[in-house]
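K.L.:
Sending over a structure as structure tokens; questions will come in a sec.
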Amino acid sequence: MFLNKLDNDSKEIFLYLAHHMARCDKSFSDMQKNLIGGYLKEMNIQDVDFKEDEFSLIDCLKKVTNKEYQKVILIELLAIVYSDNIMHESEKEIIDTMVDTWGINSSLVVVYGEWSRSLLSLYIQGEALLELN
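So this is what it looks like as structure tokens:
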């Protein structure tokens, strides 16, 4: 929703983070694939060649220094987290690392998480409406 605010480098970093988040619980669901596909369309860029064994969370996070970009990325990643209605421990660890690395108030995670859940619900409803004949 806000990914168009990111510069090109931050968009690419976001995609690496999104792929990492989507796979960290050892499950890459259809909903997560659809979300990432939507992100690609929104940002009008090609997908990255993500390789988990070459990925460094801290290195990616340190490249994003713009506070607004950090918040946008956090909000959008929370949509991936809650796409299965639960925050797995591995996802929580990534969010905690983001909060620590970027110095974000942890209370914002709760607010952003609830907003992301609401948005996901609307997305699912919209998809269902499109299926109606």
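Residue numbers (the numbering used here): -9 to 123. Glycine included, every Cβ here is placed at the ideal spot set by N, Cα and C.
Under 7 Å between the Cβ atoms of Y72 and R107?
P.N.:
Yes, Cβ-Cβ distance for Y72 and R107 is below 7 Å.
K.L.:
If distances are taken between C-alpha atoms only, which option among D37, E2, M11 comes closest to M88?
P.N.:
Residue M11 is the option with its Cα nearest to M88.
K.L.:
In terms of residues, what are the limits of the alpha helix (DSSP H) holding N34?
P.N.:
From DSSP, N34 is part of no alpha helix (DSSP H); its letter is neither H nor E.
K.L.:
Does the Cβ of E42 have 16 or more other Cβ atoms within 10 Å, making it buried, or fewer, making it exposed?
P.N.:
Under this definition E42 is an exposed residue.
K.L.:
How many Å lie between K31 and D37 at the Cα?
P.N.:
The alpha-carbon atoms of K31 and D37 are separated by roughly 10 Å.
K.L.:
Please classify H125: does DSSP put it in a helix, a strand, or coil?
P.N.:
The question about residue 125 has no answer, for the chain in this structure spans -9 to 123.
K.L.:
Going by DSSP in three states, L122 sits in which element: helix, strand or coil?
P.N.:
Coil.
K.L.:
Just how far apart, CA to CA, sit Q115 and E81?
P.N.:
Approximately 25 Å, taken between the alpha carbons.
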